[in-house]
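Residue 75 in the working numbering sits at position 75 of the sequence shown, and the numbers go up by one each step. Reading through the structure tokens given below for one structure.
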Amino acid sequence: MKNSYSNIFTFNKKILKKTIKNLSLGKVIGLPTETVYGLGGNAYSKKSIRKIFKLKGRPKTNPLIIHYYNVNYAMEDVVLNEYFKKLYKKFCPGPITFILKKKKNSKVHSSARAGLNTVGVRFPKHKIARSILKKINFPLAMPSANKSTNVSPVSSKDVYEEFKKKISLILDGGKCKIGIESTVVDLTNNPKILRPGIINKSKIEKALKLKINNTNNSKKNRSPGMMKKHYSPGIPVLINQNKSDGKSAFIYLGSRYKNKKNFFSLSKNSNLDKAASNLYKIFRIIKKNGYKKIQISKIPNIGSGIAINDRIRRASKS
Ligand code: AMP
Ligand code: MG
């Protein structure tokens, strides 16, 4: 069934067929995952990858995450190791991306890996993403479905807002459960977390039975393409705020300012997972309401708070 937006579709068997046809022709589509909505295309096709970079305005140096149905497909393109096997068993399918060495005869197009000899691989859990991945004979290169540096989309309408009619197909899968991007963990050497997410460091350490060193921010250790400014709602963002200035949108945890104008709670009962899942939605609401600035109170740097702080810190860089 078509929605009132002519390129947003409710997922069903007929649309699955259309999706597969589109992807096989090298087209790029918007689709839901459990983290955020993605802009997906054939990871083996130069044409598809070029379209993704162009639509997003993404720097060519920023590699794309490659999405597979399961490990049997991924092992064609990357070299698996013991760290990977443990984490895969524990967390996949799910919101975690593994950086692995590429196989010599990997078919992932070099532009999708930004010319690196590694590939970022993920196994999404979302039913719609999985039913597509199961039916196609190539993996999906899929960054978040937003213009480069913008906030990631968490609903099909957010995707529409970003690209309007520039993509012919956006699959609707409701609001993303997790709401922020996957954890990125580099497994090419000693495991290193390149981007924090809901699957946090202590969960990964527990699964691997080892301590992971904190990634320092030196250039060498940063993930390629991990720009300082990112996830930006397009208006100034101030973090660690303790007092509202009376006119900016004020984001906080809890219910202290319930029903008060200009105040937006990430989670009424201060649940950090819930807060992460609401962050981008609230950024978009604030922007739509015409606020000129966002203040955010201090967010505890524990559990999913670490991922939230990573995103809001970057959103605050101008
Ligand atoms: P996005 O697609 O916007 O969620 O961002 C994906 C991020 O994953 C990139 O910005 C990189 O930092 C990281 N990434 C993807 N592939 C690789 C790779 N081969 N090596 C290191 N980092 C990667
Ligand atoms: Mg992104």
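Ideal placement from N, C-alpha and C gives every residue a C-beta, glycine not left out.
One Cα belongs to residue 304, the other to residue 274, and the distance between them is close to 9 Å. Residue 78 places its beta carbon less than 8 Å from that of residue 106.
Set against 7 Å, the gap from the CB of residue 311 to the closest heavy atom of ligand 1 is not smaller.
Within the stretch 19-98, the beta strand (DSSP E) runs of at least 3 residues that lie entirely inside it are, in chain order, 29-31, 38-42 and 65-67.
For residue 263, DSSP records a beta bridge to 250.
Boundaries of the alpha helix (DSSP H) harbouring residue 305: 305-315, taken from the DSSP string. At the C-beta level, residue 296 and residue 285 stay beyond 8 Å of one another. For a cut-off of 8 Å, the C-beta gap from residue 154 to residue 96 is around 18 Å, too long to register as a contact. The beta-bridge partner set that DSSP reports for residue 144 consists of 38. Taking a C-beta distance under 8 Å as the contact criterion, residue 145 and residue 233 do not qualify as a contact pair. Assignment of residue 288 by DSSP, reduced to helix, strand and coil, places it in the helix class. When the Cα atoms are used, residue 210 and residue 196 turn out to be separated by approximately 17 Å. Look at residue 130 here: in three-state DSSP terms it is helix. Of the candidates 307, 110 and 115, the residue whose Cα lies closest to the Cα of residue 42 is 110.
For residue 158, the uninterrupted alpha helix (DSSP H) segment begins and ends at 156-163. When the Cα atoms are used, residue 208 and residue 87 turn out to be separated by approximately 7 Å.
Under DSSP, residue 232 forms a beta bridge with 150. A residue is called buried when at least 16 other Cβ atoms come within 10 angstroms of its Cβ; residue 246 does not meet this threshold and is exposed.
In the structure shown, residue 123 falls within a coil segment according to DSSP collapsed to helix, strand and coil. When DSSP states are grouped into helix, strand and coil, residue 281 belongs to the helix group. The beta carbon of residue 264 is closer than 8 Å to those of 249, 250, 251, 252, 282, 285 and 286 in its chain, skipping five residues each way along the sequence.
Nearest C-alpha to residue 310 among 167, 212 and 180: 180. With 16 or more other CB atoms across the displayed protein chains lying within 10 angstroms of its CB, residue 56 is buried. According to the DSSP assignment, residue 194 belongs to the beta strand (DSSP E) that extends over 192-195.
About 12 Å separates the beta carbons of residue 101 and residue 108, which is beyond the 8 Å limit, so they are not a contact pair. Residue 212 is not a Cβ neighbour of residue 199, given a cutoff of 8 Å. With a threshold of 16 other beta carbon atoms within 10 Å, residue 266 meets it and is buried.
With contacts defined as CB atoms closer than 8 Å, residue 134 and residue 68 fail to qualify as a contacting pair. For the options 255, 260 and 231, the alpha carbon positioned closest to that of residue 271 is the one of 255. Take residue 64, set aside five residues on each side of it, and the residues of its chain with a beta-carbon closer than 6 Å to its own are 112, 141 and 143, in chain order. Contact annotation: residue 193 and residue 119 have beta-carbon atoms that are not nearer than 8 Å. Cα atoms of residue 240 and residue 299: separation of roughly 7 Å, rounded to the nearest angstrom.
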